[in-house]
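Structure, as structure tokens:
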Amino acid sequence: MKKIIITICLILSTNQLLLSQNRVQKLDGPRFGITYLDPGLLADIINDDRDINDDNPVDYKQEPSLMTQIGWQWETRFAEGEDFVGLIEWIGLVGGIEKGLFLPSVSALMGIRKANGFEIAAGPTASFTGFGMVFAVGHTIKSGDLNLPINIAWVPSRKNHFLGDPQASDVDKDLLQSGHALTLSVGFNFNRGK
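Using my numbering, the letters of the sequence shown correspond one by one to residues 468 to 661.
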């Protein structure tokens, strides 16, 4: 009797494991976007108003900046219910290429997506301006195995960063804010298996 119970438990647990694996999808694909940069350290660099590692205070009367972004997204979906799926996304982007700059960034986001395609996510980001948080909302249009994500992401300004962060105590770090970044990105991705 004990062997029968153990056998039934093993069959049920294996079946549950297979079902849960079927609910995990891995997708990846390119991302393209445009980023608006508030007046700040990075906008000054993009506008060619300062050099990298320049410790002079930022002139916040200067112009904001725009830069393009291109990169790749890796997404894992965890489906348990019918209304929502959990998301883990890794997004690597390079910005500023049209201005002769190479400004890489990597973000890791966790969030949820509703069945209608609306999604919200947040997580850490790393770039030349340092480490911070990124907050994103978007909508994914699904057409067969093809997904077309459209997202808006916001990275708040921060004063502890890698570019121009002064070692001298005589420079006020509040005068070296990186500037807020707001990105609109689009792309596509495919189911790449389990």
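Think of the CB as a built atom: it goes at the ideal place given N, C-alpha and C, for glycine as much as any other residue.
When you compare the CB positions of residue i and residue j, do they come within less than 8 Å of one another, or not?
i      : j      : result
Ala510 : Pro531 : yes
Gln540 : Ile558 : yes
Phe657 : Asp612 : yes
Arg490 : Glu547 : yes
Pro623 : Gly605 : no
For residue i, does the count of other Cβ atoms within 10 angstroms reach 16, so buried, or fall short, so exposed?
i      : result
Ile648 : Rather than Ile, the amino acid found at residue 648 in this sequence is Ala. Label assigned to Ala648: buried.
Gln644 : buried
Leu504 : buried
Pro591 : exposed
Ala582 : exposed
Val552 : buried
Can you check which of these residues, the options, is closest to residue i by C-alpha distance?
i      : options                           : result
Glu565 : Ser594, Asn656, Asn514 and Lys626 : Asn514
Thr543 : Glu586, Lys493 and Val561         : Lys493
Gly646 : Lys581, Ile472, Trp621 and Ile608 : Trp621
Gln655 : Ser610, Arg625 and Ile619         : Just to set this straight, residue 655 is Phe in the shown sequence, not Gln. Measuring from the Cα of Phe655, the nearest candidate turns out to be Ser610.
Ala593 : Arg580, Pro571 and Gly584         : Pro571
Phe595 : Ile587, Gly548, Lys528 and Arg625 : Arg625
Ala589 : Gln536, Thr607 and Asn618         : Asn618
Phe569 : Gly507, Gln529, Met534 and Asp521 : Met534
Between the stretch 596-607 and the stretch 559-578, are three or more C-beta pairs nearer than 8 Å? yes
Entirely enclosed alpha helix (DSSP H) segments - the stretch 544-584, minimum 4 residues: With a minimum length of 4 residues, no continuous alpha helix (DSSP H) run stays inside the stretch 544-584.
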